[in-house]
Amino acid sequence: MSEGPQFLDALKSRFGDHIRGVNLDNIDPWVEVAPEAIVEVCRFLKTDPDARFDMLNCISGVDYFQPDPAKAKRAGFEPHLEVVYHLSSTITKHTLVLKVILPRWKDDQPGQLPELDSVAGVWRTADWHEREVFDLMGVYFRGHPGLKRILLPEDWEGHPLRKDYELPLEYHGIRGR
Amino acid sequence: MATANREQIIELDVRTDELLVNMGPQHPSTHGVLRLVLKTDGEIVTHVEPHIGYLHRCAEKIGENLTPRQWIPYTDRMDYLAAMNMNLGWSLCVEKLLGYELPEKARHIRVIIAELGRIASHLVGMGTYGLDLGTFSPFLYAFREREKILDLFEEVCGARLTNSYITPGGVTGDLPAGWLEKCEAFLDQFVPVITEYHTLLTTNAIFIQRTAGIGVISREMAIDYGCTGPVLRGSGVDHDLRRDGEERYTEMYDGYAFEVIVEKDGHYPRDHDYPPVPPEAVLGDCWHRFYVRMLEVMQAIDIVREGIEFYRASSGDWGHPIKLNTKLPKGEVYLETECPRGQMGFYLVSDGSAIPWRVRARSSCFCNLSVTEELCRGCLLADVAAIVGSLDIVMGEIDR
Amino acid sequence: MAEFFAQYMPAWGAYLLTALISVALLLAVVGLGALFFIWAERKVAGRIQDRLGPTRTGGKFGWLQSLADGIKLITKEDLAPADADRLLFRLAPYVSLAPSYAALLALPFADGWVGWEINTSVFFLLAILGLEVFGVILAGYASGSKWSLFGGMRQAAQVVSYEVPLGMCGVIPVFLCGTMSLTTIGNMQAGWATNWLIFHDPFTFMVFWVYFTCAVASVNRAPFDLAEAESELVAGFHTEYSGLRWSFFFMAEYNSMFVVSGLAAVLFFGGWNGPVPIFASWKAAGGGWEIVADLAGCLNFIGKAVLGVMVMIWVRWTLPRLRIDQVITTCLKYCVPLAAFCFVGALAWQLASLPSPNDWLSPDPAGRAAVREPWVERAEDGAERSGTSGAEELARLAEDKR
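Now the structure itself:
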C-alpha cells in the first residue's frame, strides 16, 4: 500500500490545483484529479522514478445518482459520475487509486455524454477499459483510438450501468421487459 | 529474435487479394464465443479484430441488486473453470470492506482449495492448448486428472463446476473427514502424470515448432497491455500477487514457501526436474506461457501439500459465512487476487446498505485478450489459434 | 479368372463376369474397409485416450457402430449452401472417392489376385492416388465457404509437394526389382523376411520411413491434416458437407490409407510373403493347395496393410498438427533430399553388388530368392552354361522379352 509516499507530494506540488483532493483515510486511499489534467497526471505517475505506475489495472465508472426522489434527499451526494483508475506498479509494487468526477451529462443536457481525455496513449490497456466504460457507463473519451461499444451490440441504446437506465421494451424483435 | 521476424519476410514475398474471414463466434479454437475478424492475405493474417460480448450476462448490474453473499454464484460463472478462485477474490474483497479477520483454519482451507482450483484450471488450459494445436489426447489426459479434483470439490461443497464454496467470512463448511487423505493420494498419483504431459506436449518437436518464437509478447508490451498471470510471467516479469499483492491477500499465504515461476537467466525455478527451455524458444512466446502454466501446477501441488500440513496443525474454527443481510460499511475497496488466468480484481462501492452501490469485476482475460490484435498481425492462420490458445482465455470472465 | 469362365460362355461374357466379380470384391474392400477402419480408429483412439470408445452398438465391442453411423448418414439431409456451385459441390465427393477406389484395381492382394494386372501398376497407383486431391480442391472451391477454400488450397499445395518424394521413394523398389509390376515385385520378395526390400540395404530401410511420412501426408492424415485442421479451419474442405456426401470423403480417406499402406507392404514388406515362408511349399504344390496358400498370402497382405493404417491412427492421436509452412518445409527440405540421397545410395549399393542380409542370413534351403529381375538371373545362368558373354545373352533375352 502507498501510505502517502513521496510521489504524492511531488504530484501535489507539480499539479497544484489539478489535484482536487487526497483521501488517505479510506481503505484504499485515493487521489481526486481534475478531468482536464488526467492524462498529464497519469503520464507523470507512469514515468516518475518514485512512482513507476507501469500497470493500469482497471478503469471503472460509478454512477452516483439516486433515481428514487424519496431516497435522493438522504443519499448524501450530488448526482455525478466517477471514473476510477486503479494503478499498480510491477517494480515498486505500489498501488494507487485515481478518481475523476464528471457531471452525469455534459452541460446538464440529458443524452449528452460527459467527456474525458483518454489515457490510451499512456497505457494501451486503457483502450479496452475505456471502451467498456463508454459502453456501460456512457463516458465519452476524447482522443481514444477507436471508441465504440465493446460488450453490447453496436446499435444498443443507452448505457446500462447508469442508475436511471431502463431496459428497452424491444430489441430487434426480442422482448426486453 | 530471428524466429520472431521470419513471418514478415514471407509477407512481403507475394501479395494477393485480402480475404475477410470470420473466426467465431462458433469456432472450435476460440474457447467459447469469441469472434475474431481476420483479414488474410493467403495464409498470412494481416489484421485481427476481436469482438467480444456474446456471453455478457450483466453480472455487474446484477451485483448492484444483490447482497455480496448472493452474488457469489455469479462470480462462479465468470471464470467457470476456476470458480473457487473467483469466489475467493470476491470474498476477500468483501472481507476487506468489513475488516473481517479470518480464522486460521479457514485461511488454510482457502489456500488448499484455491491452489487445487489453479491446478484444475491449468489442466484445462493445457489440454485445450493441445486441441488448438491439433492433438486430442492430452486434452483427455488432462480432463481425467481434472475430474479427480472436481470429485474432491464435490465432496467439499456438493458442486463440481460452480462451487460457491468460499464465501465472505470463511467457507461454507469444514473439509469433510478423510478428505485430506484423499487429496494427498490424488497429489501422489498426479505428480508422475505430469511427466506424461511434458512428453506429449512440452518437449514434443512439433509442439516446439508450433509454439517457440510464435506470438512473442515483450516485457514492456505485456505490462503496457495490462497482461497478468502466466502471460505476464511468461514474458519474464517477476510479478505474482501471492507474493506482491496487498496484505489482505498475501497474508493468506503467510508461512508458505514458494517461488514465483519466472525465467531467470534461461532457467525457471525448479526446472531441474523438467525439460530445459528449447533453444528455439524466445522469452514471451507461446511456449514460455505454456511452460509457466505447467510449472505453476507443480508449484500449486507443493502449496497444497504445505496447506494440508498447516491445516492439520491448526486449531479453531473454519469461519462462518457472514449473514446474508449484513450491512456493509460505507466506503469503497478494490482487491486483486492471483487467479489462474491472471489478476482478477473486484471493486466494491458501498453506500452503507446491505446491497453494494456498485460492483465491478476486473477481468484478467479481458486485458490478456486485448494483446491479440497486435500479436496476430503478420502471423499465419494456424498461429492465430496457437496464440489465442496460449493466452488461455475464458469468455465467461471476459464478458462477465 | 476370365480364362476359367471362357470355358463355359463366350469370351465377352467371361470378361464381363470377371470384371463384375472383381468390382464387387473391391467394393466390398472399400465399403467394409472403411466401416472397419472408422470403427478401429474410434476404438484405438478411445484406448489411447483412456476411454472405451464405442461399446454398445452391435454387442460387446460396438462393432456395428460404423454401420449405425452409416445408416444415420444416409438418412441425413443432403444440404448444399446457397453460395455453393451446386454441380461441382455435388460432384466433388465422387471425384474424391473414385480415384481412391480405382487405385485398388491395380493393387495385388496375393500372387495374381489383382483386379487388373498391368505391368506399370506402381506408376498407375501413384498417379491415380494423386487424382484424389481434385475432389478436395473442388469441394473447397465449390462450397462457397472461405474455410473450405483454405482447406482446398492447402491440400493442393501439400499434395503437389508430396507427390515428388513419394514418387522418388516408389522408384527405388522399382529399379531394384527392374519392374513396375507390383505382382512381380511382391513375388520377388518371397522367402524369409530378410528378403524383404526394406532390409535390402540401409538406404531402402531409410527410404521406407520417408515413404511412410510422405504417404501420411498425401492421404491427408495428422500431423499433416491441414486441409481439415479442425482447430483452424473448422473442418476445412468438408465444412459444408453433410450426410452421405460427407461420408464419401471419409471412405476415400480411409481407403487411401489402406492403399498407401498396401503399397508400402508390397514395395517394402514382401506383400503377401510372410516373414516365415510357411506356405511356400503349398504354393509350389499347385491346385487347391495353391489357392489356400494364396488365401493365406492375401490375409498376410491385408494384415500388413492394416498394421500400416493402425500406425497412422496411432500417429494421429499422438502428435500435434504442423503448420502449413512447416509441412512444405518438411517435404522440400527433408523428404525430397532424403529420398534423392536414398535413391543414389540404393543405386550405388546395387551397382557395387554389396551384400544384403539375405545373402548371408537366409536359412532358406531352397536357395536365396534374389531381389532381381528373373530374366537377368536367367541371362547370367545361361551365359555360364553356354559360354557366351553375359551381355550378349542379356541383349538376346531382352529382345525376346519384347
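Chains as they are written, first to last, in this note's numbering: chain A, 312 to 488; chain B, 244 to 643; chain C, 1088 to 1489. Cβ atoms here follow ideal geometry from the backbone N, Cα and C, with glycine treated the same way.
Measuring C-alpha to C-alpha distances from ARG1410(C) to each of THR445(B), GLY632(B), THR310(B), ALA628(B) identifies ALA628(B) as the nearest.
Under a 10 Å Cβ-count criterion, GLY1374(C) is classified as exposed, with fewer than 16 other Cβ atoms of the shown protein chains found around its own Cβ. For ARG278(B), the secondary structure class from DSSP, reduced to helix, strand or coil, is strand.
Positions of the alpha helix (DSSP H) runs, each at least 4 residues long and wholly inside the segment 481-527 of chain B, are given as 484-487, 490-493 in order along the chain.
Neighbours of VAL337(B) in chain A, taken as residues whose beta carbon is under 7 Å from its own, are absent, since the nearest beta carbon is some 12 Å off. Per DSSP, PRO381(B) lies in no beta strand (DSSP E); the unbroken alpha helix (DSSP H) holding it starts and ends at 380-400.
Here ILE598(B) carries a coil assignment [DSSP, helix/strand/coil]. In this chain, the beta strand (DSSP E) harbouring LEU407(A) covers 406-413. Using a Cβ-Cβ cut-off of 7 Å, PHE609(B) is close to nothing in chain C; its nearest Cβ partner there is about 23 Å away. If you draw a straight line from the Cα of GLN1276(C) to the Cα of CYS1385(C), it is about 15 Å long. With respect to the 8 Å criterion, TRP1404(C) and PHE379(B) are classified as neighbours on the basis of their beta carbons. With respect to chain C, the C-beta atom of ILE449(B) has a partner C-beta closer than 8 Å. Per the Cβ contact rule, the segment 419-426 of chain B is not in contact with the segment 469-483 of chain B (fewer than 3 Cβ pairs under 8 Å).
LEU277(B) and ILE356(B) have their C-alpha atoms some 29 Å from each other. Taking 8 Å as the threshold, the shortest C-beta distance from LYS384(A) to chain B does not fall below it. Taken through DSSP and simplified to helix, strand or coil, ALA1121(C) comes out as helix.
Here GLY332(A) carries a strand assignment [DSSP, helix/strand/coil]. Classified as buried, THR1417(C) has 16 or more neighbouring CB atoms from the shown chains inside 10 Å of its CB.
Judged by DSSP secondary structure, PRO293(B) falls within the beta strand (DSSP E) whose first and last residues are 287-294. CA-to-CA, the gap between PRO572(B) and LEU345(B) works out to about 18 Å. The way I'd put it, the segment 1237-1244 of chain C does touch the segment 1304-1316 of chain C; three or more beta-carbon pairs between them come closer than 8 Å. Comparing alpha carbon positions, the residue from GLY595(B), ARG532(B), LYS304(B) closest to GLY387(A) is GLY595(B). In this structure, GLY1222(C) places its C-beta atom within 8 Å of the C-beta atom of ALA1179(C). The alpha carbon of LYS1159(C) has as its nearest neighbour, out of GLY1278(C), PRO1141(C), LEU1331(C), VAL1294(C), the alpha carbon of LEU1331(C).
Between GLY377(B) and chain C, the shortest Cβ-Cβ separation is below 8 Å. About 17 Å separates the Cβ atoms of TYR492(B) and GLU549(B), ruling out a contact at the 8 Å cut-off. Under the three-state reduction of DSSP, GLU468(A) is assigned to coil, being neither helix nor strand. Under the 10 Å beta carbon count, GLY509(B) is surrounded by fewer than 16 other beta carbons and is classified as exposed. DSSP assignment within the segment 524-596 of chain B yields the following whole alpha helix (DSSP H) runs of 4 residues or more, N-terminal first: 529-556. Note that the C-beta distance between ARG536(B) and MET369(B) is below 8 Å. Under the three-state reduction of DSSP, ASN611(B) is assigned to helix. Annotation: LEU277(B) has no Cβ neighbours in chain C at a cutoff of 8 Å; minimum Cβ distance is about 13 Å. Among the CB atoms of chain B, one or more fall inside 8 Å of the CB of ILE1411(C). For HIS299(B), DSSP assigns no beta-bridge partner whatsoever. Proximity of chain C to VAL264(B) at the Cβ level (cut-off 9 Å) is accounted for by LYS1233, TRP1234, PHE1237, in chain order. Remark: three or more beta-carbon pairs, one from each stretch, lie closer than 8 Å, so the segment 400-410 of chain A and the segment 362-371 of chain A are flagged as touching.
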